[in-house]
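Numbering (our numbering), first residue to last: 9 to 430.
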């Protein structure tokens, strides 16, 4: 007789408990956001905007066409609806870029869906399965409890899966598996780059680009025979860029880069003691310029001290200029400390598809010190005669010191085997 009260007691305990778990499983399951499943090693993420007009302009732009060409290797795509779905910039949708091999990359597409879109997708896929195109085959596999569907057409393989309210697809199966592993993990792209989503975003634009700058340096190296410059490799931790369109239908990326200023491990830390400087050298930049970088320096003493600390911490540059200046009796302290203004580097098209680099220095203070130091070095290092050339009222001189600008500003500036100044 004692069993009945015990059974009733257990029933009264387990029935509410089972009801609680059933409610949480079927009705109170947390919504999955696309950001929650972006892998940590992602190079960059494009986040579409809620501005329909902006998205339409972006989809019709050359930038979007480049992305489509990179993502879809064939014009005759066997799943046109998939192409339309994943190449359209749906509000809340993401596109992530990943390095897949030493010389290759691919994308993952994240599309928020509702029951209607999910049903339409499944109907289209079922229709293709019933009447497959020549050479097309379908398969299904399971990875870590998630069903992955795959469609193969020739050498082209496309994989996708549904995760609650998100549809995820990619042309690289290992990237799909990486997304699933991220879903079961507590770490993702957002947690790795803490604070990047708190940066100010512009509304009514073509979307946002979130950059993992370390991964971006590796991505750039895919297209180069040599390692990218230290500026690219060690610039900062992360960046948030807004996509805008100017009056000439060109797209402009504008935003912020994030770094820890407490440690001298990224190049941005060199500017931690500097104040904003107006960009006033734009009138001196040639219209043949391919690329232009500008650095604002408000306090030369603090800047060069921080630059020296950064180079020492990262073992980048040996200060051979100090030894040379001492032997030539040139005071570099005045040369550096009096500087206040802008340093710009312009890459200009030259003959035979080569580029030439030009440095533009605009300084409110220290002009006399800089010219005096350059003239002194030029005269003491010239073996026979000092090279100079007249151009209008300007006198162009040679400084016969190998990579002098690099010795002064490394790693912000590199190269310049030959240096001329005026």
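Where a beta carbon is used, it is the ideal one built from N, C-alpha and C, also for glycine.
Just to confirm my understanding: we take residue i, look at its own chain, exclude 5 residues before and 5 after, and list those with CB closer than 8 Å. What are they?
i: residue 32; result: In this prediction, residue 32 scores a pLDDT of 49, lower than 50, which makes its location untrustworthy; the coordinate-derived value is nonetheless stated afterwards. Answer for residue 32: no residue qualifies.
i: residue 148; result: 155, 156, 157 and 158
i: residue 343; result: 374, 377, 378 and 381
i: residue 421; result: 351, 353, 367, 413 and 414
i: residue 298; result: 355, 356, 357 and 363
i: residue 150; result: 156
i: residue 340; result: 329, 330, 333 and 381
i: residue 162; result: 143
i: residue 390; result: 406 and 408
Compare the beta carbon distance of residue i and residue j with 9 Å and say whether it is the shorter of the two.
i: residue 329; j: residue 416; result: yes
i: residue 102; j: residue 113; result: no
i: residue 167; j: residue 177; result: yes
i: residue 107; j: residue 230; result: yes
i: residue 345; j: residue 304; result: no
i: residue 238; j: residue 419; result: yes
i: residue 381; j: residue 409; result: no
i: residue 220; j: residue 249; result: no
i: residue 338; j: residue 280; result: no
i: residue 42; j: residue 174; result: yes
i: residue 318; j: residue 302; result: no
i: residue 347; j: residue 374; result: yes
i: residue 300; j: residue 244; result: no
i: residue 121; j: residue 179; result: no
i: residue 165; j: residue 181; result: yes
i: residue 127; j: residue 40; result: no
i: residue 282; j: residue 310; result: yes
i: residue 432; j: residue 227; result: Residue 432 cannot be examined here, being either before or after the span of the chain that is shown, 9 to 430.
i: residue 185; j: residue 152; result: yes
i: residue 218; j: residue 385; result: no
Can you have a look at residue i and say buried or exposed, based on whether 16 or more other CB atoms are within 10 angstroms of its CB?
i: residue 225; result: buried
i: residue 54; result: buried
i: residue 30; result: Residue placement at residue 30 is flagged as unreliable, the pLDDT there being 47, under the threshold of 50; the coordinate-derived value follows with that caveat. When all chains shown are included, residue 30 counts as exposed.
i: residue 321; result: exposed
i: residue 284; result: exposed
i: residue 423; result: exposed
i: residue 364; result: exposed
i: residue 135; result: exposed
i: residue 142; result: exposed
i: residue 294; result: exposed
i: residue 223; result: buried
i: residue 396; result: exposed
i: residue 50; result: buried
i: residue 183; result: buried
i: residue 290; result: exposed
i: residue 20; result: In this prediction, residue 20 scores a pLDDT of 49, lower than 50, which makes its location untrustworthy; the coordinate-derived value is nonetheless stated afterwards. Under this definition residue 20 is an exposed residue.
i: residue 251; result: buried
i: residue 190; result: buried
i: residue 349; result: buried
i: residue 314; result: buried
i: residue 109; result: exposed
i: residue 198; result: buried
i: residue 278; result: buried
i: residue 119; result: buried
i: residue 331; result: exposed
i: residue 240; result: buried
i: residue 242; result: buried
Among the residues of its own chain, which have a CB less than 6 Å from the CB of residue i, if the five just before and after it don't count?
i: residue 146; result: 137 and 159
i: residue 336; result: 388
i: residue 406; result: 395 and 428
i: residue 438; result: Residue 438 is absent from the model: the chain starts at 9 and stops at 430.
Please go through the same chain and pick out, in chain order, the residues whose beta-carbon is closer than 7 Å to the beta-carbon of residue i, but skip the five residues on each side of it.
i: residue 203; result: 266
i: residue 187; result: 45, 47, 116 and 176
i: residue 10; result: Its pLDDT being 48, under 50, residue 10 is placed unreliably in this model, and the value from its coordinates should be taken loosely. Cβ within range, chain order: n/a, list empty.
i: residue 200; result: 48
For the ligand PLP, is there a heavy atom less than 8 Å away from the beta-carbon of residue i?
i: residue 244; result: Questions concerning the ligand PLP fall outside what the structure shown contains, since it holds no ligand whatsoever.
Continuous beta strand (DSSP E) assignments of at least 3 residues falling wholly in the region 258-306:
Here the runs fully enclosed are 259-266 and 297-305.
Does the pairing of the region 346-358 with the region 395-403 give three or more beta-carbon distances under 8 Å?
Segments in contact, no.
Unbroken stretches of the beta strand (DSSP E), 3 residues or longer, contained in the region 345-388
For the region 345-388, whole beta strand (DSSP E) runs of length 3 or above, ordered along the chain, are 348-357 and 363-373.
Going residue by residue through the region 147-207, where are the continuous alpha helix (DSSP H) segments of at least 4 residues, counting only ones entirely within it?
Correct list: 181-191 and 197-200.
Counting only runs that start and end within the region 102-153, where is the beta strand (DSSP E) found for 3 or more residues in a row?
Positions of the beta strand (DSSP E) runs, each at least 3 residues long and wholly inside the region 102-153, are given as 102-109, 112-120 and 144-151 in order along the chain.
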